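Colleague:
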Amino acid sequence: MRREIPLAITFLVGLFMLVDFFVPHHSVSAAAEEMKQWGTIVIAASILLGVGNLIRVHYRKIRRKQDGWGYSITTLVAMSVMLYFGGPWGTIAEGSAFNWMFLNMQVPLQSTMFSLLAFFIASAAYRAFRLRSAEAGLLLVAAIIVMLGRVPLGQLLTRGLPEKATLPWLTETIMTYPNMAAFRGILMGAALGVMAMGLRIILGIERSYLGGEK
Amino acid sequence: MKRTWLTFLAAAAVATSLLGAAVAQEAAPVVEEEVPREDVPLDTVAPAAPGALTARDYLDSNDAGDKIELDWELSPDDGAGSCDVAGYFLWRSRSASSPGEIVAELPSGQTHYVDRNLEPGAEYFYSITAFDGTNESAAVTCAPVAGRVNLFQTSRASILALMLVFFGLVLVFTKLAERGDELFVRRIPGLNAIEEAVGRATEMGRPVLYVPGIGEIDNIMTIASLTILSHVAKITARYETPLIVPTARAVVMSAAEEVVKQAYTEVGQPDAYNPDNIRYLSDAQFAFAGAVNGIMLREKPAANLYMGAFWAESLLLAETGFEAGAIQVAGTAMVSQLPFFVTACDFTLMGEELYAASAYLSREPKLLGGLKGSDWMKVVTIALVVLGAVLNFMGFETFVNWFRTQ
Amino acid sequence: MGTLIWTTIGAILTLSVYSFLYKDNPFYKFAEHLVVGVSAGYYLVIYYYNFIDPNVVTPVFQLRLGDQPIGFGSGAWWLALIPGLLGLLLYTRFFPKVAWVARWSLGIYVGGYAGLGISPVMQARVIEQIGANALPLTSVTNVLIVIGLLGTLAYFFFSMKHRGILGVFARTGIVFLMVGFGASFGYTVMSRISLLIGRVSFLLHDWLHLV
Amino acid sequence: MNVFEKMLAIDRRWIFLAIGIAVIVPFFFPLGLPVVVTPPVEHLHEAVDRIHPNDAPLLLSIDYAPATLPELEPMAMAILRHAFERDVNVVVMTLHPAGYGLAESALLQAAEEMGQEYGTDFCFLGFQPGTSAVILGMGVNIATVFPEDAYGTPLSEIPMMDGVRNYDEIPLVISLAGWSAAEAWIYYARQPFGQTVGAGVTAVMATDFYPYLSSNQLVGLLGGMRGAAEYEVMIDRMDKGVQGMDSQSIIHIMIIILIFAGNIAYFGARRRKKQEEAEAA
C-alpha cells in the first residue's frame, strides 16, 4: 500500500497533465492550472526540509567541534539574522535591512562567484585544448576562430579580405550551421530520452526517486 | 489560472489600445481648432449604418469555445460619403431583445474583431453601430452565435500521432525484452568510468562526491540522475567508501536521502549510511557552487560525479575538481554546458546518454526495451526529415506544414 | 556614509571570493559560509511571502470570512487547503514512522510534471524540428544542417553497433559535435569576461573611486 | 624537467594573474585598440541622428538587471550622451522590476555631464509591471500607463511631454535588455503600431536577434560590450565599452596564445618522452 498509493497518484496526475495539452476544454485546463500551482506550493514548502538539513549538519559540526566548526556558526548566524529581519516583526520591502543584506551580501557574493568563470575558462582552455586527435583539433580550431571573430582585434586581422573570408563571417557561419545542427541533434535525442523517462515515471516503472520500501 | 489571467490582461491591453486608437481618431479634429468656430456646422446627421455583420466561432475546432470572431462591412460614410465615421461600437447581449453592452469601440476602417473570454458554448447576440463623435447610426445585427467547446485541439494532431507511435515502440520493445529477447546496447564510455572512479576513490581511502545538478525534481535530468545515484550508492556501500551528495533543492535532497538509504539497505550495509553526507546547501546557484568547491578542497573526494541539469556553475565545479586532483565524470543534457564538461572532465555523458545510462546500469529488460524504442523513433524522425526535405524540394509543402504546430 | 559601509562590505566579500583563486583560505571560507546562511534565510522568507502566504495562508484564513477572492483566483477557499496539506505531508519525513506519506506529495509533483513535460518536448524538440530541418537540399548550408542533424542523431543510436553506414553517420555526428562544442566554448568567453569587468569596475570605480 | 614539461606543469595561478592584469590595466591605461563599426550599430546611430533636436523625444527603455549591467550600461551611457549632445529630448523608463535604480543612475549621470535639465530635456517615468500590457498601452496613450513620472509629477505638467501622446509622437524606441523585453518591444510596439524600434542585448543573445534586423523589425542592434564599444567609437567618446573591448581583445588573444603554447609544450614533451623511450630501448 505504501508504494501503490503514491504510484497510483503519480499515474493519474501524470496522465491528466498529459491529456491537458490536447484538450482545450476549459474545465480541463482550469483544473490543470490549479494543479500546477499546487506544485509550486509543494516546492515552496519543501524549503523547510532543506533548511532543517542545513541546521542539523552545521549543528552537529559545531557540537563535535569538527574542522571548521567556527564557519558553521557564521552560516547559522547569517541565516538567523536574515530570518529575524524578514520575519513577522520585520519587513522585506525595498530599503529594509532584509533587502540590504540581500543586495549587499548575497548579490555581490553570487556575481563574484559567477565572474570566477573568466579565470576558469582560460585555465580550462589552456590545459584541455590539445591536438590529441582529429576531433580535438576540430574543437580547438572552431574555438579559436570564434574567439578571434568576436573581438575587434580579430576583425582587424582580416579586414582587407572579401567578406566571406573574414573572421566575423566565419564565426557567424559556424554558429548558425554546424553548431546549430549539432545542438538540434542533441536536443532531439535528449527529447526522446525525456519522453521515454516521462512515460516510465507515469507507468510507475521508474520509481527510484521515491526511495525505499520502508 | 495564471494563464487565463494573463490572457485577460493581454486582451484588456489590446482592447484599451483599440479604444484609445478610436478616441485618438475622434480627437483628431481638435487640431483644426484654428478654423473659426462658426464655420463648422453642427453635425446632426447620423452616419450610415455599417454593412452586413457576421459572427462565427473563432478557431472553430481548436479552442475552448470562448472566443467569437466578428466581421462587418464599413459604413458607406467611412472613408467615403460624408467621411465622418470616427469608429464603431460593438454590442453584445445574451438575449435577442436587448442590445446589451458595448464590448468594444473600434476605430474607423476596421472590419474585424475577436471577442475573447466568453462563457464557453454560450449563445451571444451581436450588433454594431457606426458613430461620428456625436451621433450613432442604426444598429446592424446578425444571427446568434455560440463558441464550440472542443475536446481535442486538431492543430496538435501531429504531436499526438507521433507521441503514440513513440509510446507504442517503447512498449512493444519493453514487452519483447521482458519475454527474454537478447537486446544489444552499445558501450557508453562514461559509464565504465564511473565504476573506475569509485574504485580509485576506495583505493585512496577518499570519499566520492556526487552532484545531482541544480535542477528541481520536476526536471527529468534530475530523475535520471537519482537513478544513477542509486547505482553509485550501491557500489560505495559495498566498498564502504563515503558518498557525499550536495544538493541545491530541498526536494532533491530528501529524494536523494531515500535513494541512498535504500541502496545501502539493499547491499546489506544500512549502518554505513551517513545522513550527514546528503546535504542541502543553497537554492542560490553560486552560493551552491561556492559551497561545493569548498567540499572539494576540504574533504578531498577522489571522484567527482556531476549528473543532471547544470547551468553556468558547471565549469566552476569542474575546474576546481580538476585542480583538486579528482577523477571527474559528468553527464548532462544541457547543450550550453556540454562544451565545458567535455573540456574539463575525464568523461562526459552527452544528452541522451544520460537517460540511457540509467537503463544501461540497471540492465533491467524493461528499461533496455525503452532504449530500443527510442532508437526506432530516431529512425522514424530521420525518415520524416528526409521525406520532408525531398517533398519540399519537389514543391509539396503540405506534408512539412503538418509539423508546424505553432 | 551608509552607502560607503555597505559598498565596503560588498568589496571585502568580493575580494574574499577572489582570494580563492590563490588558494582556499579563511576569507573565502567565511564568505562561502556567509552566503549559504544568508541565502537560506532569504529563500525561506521569500518562498513564504511569494507562495505560501498568498496561496495558502491568506485564502484559508481570510477568504473563509467572506473577503474578496485572492491568490489563484479560483474563489473556493478550501481548494487552498489541498496544496497546504500536500506541503505539510512533506514534513512527515521528520517522523520516521510515517515518513512514507511524504511520497504522496512527491508522487503528485513528479507525476504531474512528467506528464506536463512530455507533450511540449515532443512539440518543440521533435515535431517542430522535423518541420524546421526538412529543408529543400538546394543550398550548401541546408545540406550542412540536414547532414549535421542526421549525423548527430546517428551518434545517439544505442542498440546497434556503429558500423557500416551507421558508423559513417555517427563519425560525421562526432565531427559536428566537436565543432559545435568548440564554437560554443569560444562564444561564451566574451560574456564571462564581461562579468569580471563588471566586478573589477565595482571595486575600482564604485568602491575606491580610482577611475 | 625540460622547458616543455615545465610549461605543461605550469601553476594555473599564473594564468589567473595574467587574466587579472589584463582586465585591470585598461581601466587605467586604455589602449584604444581600433574598433570596427558594424552595420547594425551604424544603423542605430543613424536612427538616433535622424531625431530632431528639442522636438519629439527618444524613448529609451532601460530594461536590464544587475546581472547584465556590465554589458548593457555602457550602451545606455553612449546612447544618452549621443542624444543629449544633439539636444534630443529623452524619455527613460524600465520594464524590469530591478531596473529602476539602474536606469535612474545612468540617466542622471549622463544628463549631469551634458548639462541637461529635468523636465525640459529629459524625464524619467520609472517602472511599470506587466511588460506587454505596458507596451501596448503606451501605443494608445502614454499617460494612461504612466500618469505621472517617477517623482510624482503628472505628465501633463512636464514641458517636454507636451504634445507627446503615444508612439505617433515618438520617432524611436530603444530597449536595452538582458531578457525577453527587447522582443516584447518588437511584438507589441513594432508589430501593431509600426513603431521604429532599436535594441541593445547581451552578446550571447545577439545571434537570436539578427533575424529581426534582416526583416526590418529592428532598425539597429547593439550586441554586448562590443556593440557599446562600436557606438562609443561612432560618437567619438570612448568609455567603458571601448575599455572593456581592450580587456576582451587582450584576454581573447591571450587565451589563444595559451592554447598554442599548451600544444607546443604538449608535443615537445611527447617527443622527448618518445626519444627517452627509444634511448631506453
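Protein chains in written order, with this note's numbering: chain A, 59 to 272; chain B, 7 to 412; chain C, 4 to 214; chain D, 896 to 1176. Don't be surprised by glycine CBs; every beta carbon is placed ideally from N, CA and C. This structure is a prediction, so every number in the text was calculated from the model and none was measured.
Do Leu235 (chain B) and Asn283 (chain B) have their C-beta atoms within less than 8 Å of each other?
Modeller: No, these two residues do not count as a Cβ contact at 8 Å.
Colleague: Do the CB positions of Glu1125 (chain D) and Val932 (chain D) come within less than 8 Å of each other?
Modeller: Contact flag set, yes.
Colleague: Under 8 Å Cβ to Cβ from Trp107 (chain C), same chain only, skipping five residues before and after it: list those, please.
Modeller: Counting only Cβ-Cβ distances below 8 Å, and skipping sequence neighbours, we find Leu89, Leu92.
Colleague: Would you say Ala243 (chain B) and Val251 (chain B) are within 8 Å of each other, going by their C-beta atoms?
Modeller: Against a cut-off of 8 Å, the Cβ pair of Val251 (chain B) and Ala243 (chain B) comes out as no contact.
Colleague: Of the choices C:Phe33, C:Ile196, C:His212, whose alpha-carbon is the least far from that of Glu966 (chain D)?
Modeller: Ranking the options by Cα distance to Glu966 (chain D), first place goes to C:Ile196.
Colleague: Report the rounded CA-to-CA distance for Val29 (chain B) versus Phe1088 (chain D), giving the unit in angstroms.
Modeller: Because Val29 (chain B) carries a pLDDT of 40, less than 50, the predicted location of this residue cannot be relied on, and no value is offered for it.
Colleague: Less than 8 Å between the C-beta atoms of Val204 (chain B) and Ala309 (chain B), yes or no?
Modeller: Yes. Within cutoff.
Colleague: Report the residues of the region 50 to 67 of chain C with a CB closer than 8 Å to any CB of chain A, ordered along the chain.
Modeller: So the list reads Tyr50, Tyr51, Tyr52, Asn53, Phe54, Ile55, Asn58, Val59, given in the order they occur along the chain.
Colleague: Do Val214 (chain C) and Phe922 (chain D) count as a contact pair if the criterion is CB distance below 8 Å?
Modeller: Cβ atoms of Phe922 (chain D) and Val214 (chain C): closer than 8 Å.
Colleague: How would you write the range of the alpha helix (DSSP H) that Asp944 (chain D) sits in, first residue to last?
Modeller: 934 to 944 is the span of the alpha helix (DSSP H), which, as asked, contains Asp944 (chain D).
Colleague: Could you give the first and the last residue of the continuous beta strand (DSSP E) run that contains Gly1093 (chain D)?
Modeller: Its beta strand (DSSP E) spans residues 1092 to 1096.
Colleague: Output, in chain order, the set of chain B residues within a Cβ distance shorter than 9 Å of Ala182 (chain A).
Modeller: Under the 9 Å cutoff, chain B gives Leu321, Ala324, Glu325, Phe328, Phe346, Thr349, Ala350.
Colleague: Of all the options B:Val273, B:Ile200, B:Ala163, which has the alpha carbon lying nearest to the alpha carbon of Asn407 (chain B)?
Modeller: Of the listed residues, the one whose Cα sits closest to Asn407 (chain B) is B:Ala163.
Colleague: For Gly153 (chain B), which option in B:Asp138, B:Asp121, B:Pro307, B:Ala136 has the closest C-alpha, if you only look at C-alpha atoms?
Modeller: Nearest C-alpha to Gly153 (chain B): B:Asp121.
Colleague: Helix, strand or coil for Gln334 (chain B)? Go by DSSP, reduced to three states.
Modeller: Of the three classes helix, strand and coil, the one that applies to Gln334 (chain B) here is strand, per DSSP.
Colleague: Among C:Ser162, C:Leu138, C:Phe161, whose alpha-carbon lies nearest the alpha-carbon of Gly151 (chain C)?
Modeller: Nearest option by C-alpha distance: C:Leu138.
Colleague: Could you say which of D:Ile1154, D:Arg1121, D:Ile1030, D:Gly1163 lies nearest to Pro929 (chain D) if we only look at CA atoms?
Modeller: Ranking D:Ile1154, D:Arg1121, D:Ile1030, D:Gly1163 by Cα distance to Pro929 (chain D) puts D:Arg1121 first.
Colleague: Give the residues of chain A in contact with Val176 (chain B), contact being defined as C-beta atoms less than 9 Å apart.
Modeller: Within chain A, the residues near Val176 (chain B) are Met253, Ala254, Leu257, Arg258.
Colleague: Between D:Val898, D:Thr1026, D:Gly1014, which has its C-alpha nearest Ser956 (chain D)'s C-alpha?
Modeller: Nearest of D:Val898, D:Thr1026, D:Gly1014 to Ser956 (chain D), Cα basis: D:Thr1026.
Colleague: Threshold first: 4 residues or longer. Then list the alpha helix (DSSP H) segments lying entirely within the region 14 to 58 of chain C, N to C.
Modeller: Counting whole runs of 4 or more residues, the region 14 to 58 of chain C contains the alpha helix (DSSP H) stretches 29 to 50.
Colleague: Hey, Gly127 (chain B) and Phe353 (chain B): beta-carbon distance below 8 Å or not?
Modeller: Cβ distance not < 8 Å, so Gly127 (chain B) and Phe353 (chain B) don't count as in contact.
Colleague: Shorter than 8 Å from the beta carbon of Tyr25 (chain C) to some beta carbon of chain A?
Modeller: Not one chain A Cβ lies under 8 Å of Tyr25 (chain C).
Colleague: How should Trp382 (chain B) be labelled, buried or exposed, when 16 other C-beta atoms within 10 angstroms of its C-beta is the threshold for buried?
Modeller: Buried is the call here.
Colleague: Do you know offhand how far Arg71 (chain B)'s Cα is from Asn123 (chain B)'s?
Modeller: In the sequence as presented, Arg is not what sits at residue 71 (chain B); that position holds Gly. Straight-line Cα distance between these residues: approximately 9 Å.
Colleague: Taking Thr68 (chain A) and Ile260 (chain A) to be in contact with their CB atoms under 8 Å, please state how far apart those CB atoms are, rounded to whole angstroms.
Modeller: Going by Cβ atoms, the distance from Thr68 (chain A) to Ile260 (chain A) rounds to 7 Å, so yes, they are a contact pair.
Colleague: Does the region 303 to 320 of chain B come close enough to the region 218 to 231 of chain B to have 3 or more Cβ pairs within less than 8 Å?
Modeller: Output reads yes: the region 218 to 231 of chain B touches the region 303 to 320 of chain B.
Colleague: What would DSSP say about Ala249 (chain A), mapped onto helix, strand or coil?
Modeller: Reduced to three states, the DSSP call for Ala249 (chain A) is helix.
Colleague: Could you check which residue in A:Leu268, A:Gly269, A:Leu257 has the C-alpha nearest to that of Ser380 (chain B)?
Modeller: It is A:Leu257 whose Cα lies nearest to the Cα of Ser380 (chain B).
Colleague: Could you pull out every residue in the same chain whose Cβ sits closer than 7 Å to the Cβ of Tyr267 (chain A), ignoring the five residues on either side in sequence?
Modeller: So no residue of the chain qualifies.
Colleague: Please list, in chain order, all residues of the same chain as Arg285 (chain B) whose beta carbon is under 8 Å from its beta carbon, the five residues on each side excluded.
Modeller: Correct list, in chain order: Ile250, Val251, Pro252, Thr253, Met259.
Colleague: Are the C-beta atoms of Tyr267 (chain A) and some chain B residue less than 8 Å apart?
Modeller: By this cut-off, Tyr267 (chain A) is an interface position.
Colleague: Give a yes or no on contact between the region 980 to 999 of chain D and the region 1096 to 1110 of chain D, applying the rule of three or more CB pairs nearer than 8 Å.
Modeller: With a cut-off of 8 Å, the region 1096 to 1110 of chain D and the region 980 to 999 of chain D do not count as touching, because too few Cβ pairs lie within range.
Colleague: Determine whether the Cβ of Asn189 (chain B) lies closer than 8 Å to any Cβ atom of chain C.
Modeller: Looking at the sequence shown, residue 189 (chain B) is not Asn but Leu. By this cut-off, Leu189 (chain B) is an interface position.
Colleague: When DSSP builds the beta bridges, which residues end up paired with Met1100 (chain D)?
Modeller: DSSP lists no partner for Met1100 (chain D).
Colleague: Spell out whether any CB of chain D is found under 8 Å from the CB atom of Met193 (chain C).
Modeller: So yes, Met193 (chain C) belongs to the interface.
Colleague: Assess contact between the region 177 to 193 of chain A and the region 340 to 355 of chain B, defined as three or more Cβ pairs (one per stretch) separated by less than 8 Å. Is contact present?
Modeller: Flag = yes, the region 177 to 193 of chain A and the region 340 to 355 of chain B touch.
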